[in-house]
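**Q** Here it is: the structure, laid out below.
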Amino acid sequence: MSTRVLVPLLTAVLLGALCGVGVACGAALLADDPRPSEPPPTPPVAQSPPATTGPPGGSAPREVLRAWDEARAVAWTSGDTAALGRLYTARSVAGRRDVAMLEAWNDRGRRVTEMSTQVLALEVVSSDRGRLVLEVTDRLARVAAGGTELPADRVSTRCLVLRAGGDAGWRVASVVSRPTR
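Just remember that the numbering used here sits 11 ahead of the position in the sequence shown, which is counted from 1.
Printed below as a string of structure tokens:
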């Protein structure tokens, strides 16, 4: 694959991942309280609840995130914009951007053939009935398109707000970028 194709492809994948998470957290936080405010302080990793104390329904937060990341990878590798859209709430700006990026790839006849995310840190900011707020430090660890492996993503930290979506599982409502520690 030529550099002319690889650079825009890599840029699109990386921007989509970063925008998706950042936008989803921001929209969910703003939806809960329309007044501007500072984000709640995040407890240090050592004080995070253990992975076994999770959202209602019995799924540990790490498992919720793993399942969501896997479903997103399946949607991207199959080029399924409808499946990708179902991973986000209806008002999720991150979801709209992620779907638009996949549509652009599909329109160009390109396909991501492999995608995996490496979670480096996960903190539960809050967990209550139907809502899960996570601070996640991760990166796209492996992305391949058309048989060509693309460079790994940079590590980034984002606040994800997920909402229970009934049979659809957890959906990302908002994403807000945070400084990476």
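Just so you know, even glycine gets a beta-carbon here, dropped at the ideal spot from N, CA and C.
Pull up the distance between the alpha-carbon of R165 and that of G157, whole angstroms please.
**A** Looking at the two C-alpha atoms, the distance is approximately 22 Å.
**Q** Please list, in chain order, all residues of the same chain as V144 whose beta carbon is under 6 Å from its beta carbon, the five residues on each side excluded.
**A** Correct list, in chain order: V136, S137, V172.
**Q** Expressed to the nearest angstrom, what Euclidean distance is found between the alpha-carbon atoms of D118 and T159?
**A** If I take the Cα positions, the gap works out to 19 Å.
**Q** Within 10 angstroms of the Cβ of T168, are there 16 or more other Cβ atoms? Answer buried if so, exposed if not.
**A** It is buried - the Cβ of T168 has at least 16 other Cβ atoms within 10 Å.
**Q** Within 10 angstroms of its Cβ, does A83 collect 16 or more other Cβ (buried), or is it exposed?
**A** The residue asked about is misnamed: residue 83 is Arg in this sequence, not Ala. R83 comes out buried.
**Q** In three-state DSSP terms, what is V193?
**A** This structure leaves residue 193 out entirely; the chain is present only between 12 and 192.
**Q** Which one of D139, A152, L133 has the shortest CA to CA distance from R189?
**A** For the residues D139, A152, L133, the minimum Cα distance to R189 belongs to L133.
**Q** Look at L131 and D149 and say whether their C-beta atoms are less than 8 Å apart.
**A** Against a cut-off of 8 Å, the Cβ pair of D149 and L131 comes out as a contact.
**Q** Would you mind sorting R140 into buried or exposed? The rule is 16 or more other CB atoms within 10 Å of its CB.
**A** R140 should be labelled exposed.
**Q** Measuring only from the beta carbon, is S137 closer than 7 Å to any heavy atom that is part of the ligand SAM?
**A** Questions concerning the ligand SAM fall outside what the structure shown contains, since it holds no ligand whatsoever.
**Q** Which of the three DSSP states, helix, strand or coil, is assigned to S137?
**A** S137: strand per DSSP, three-state reduction.
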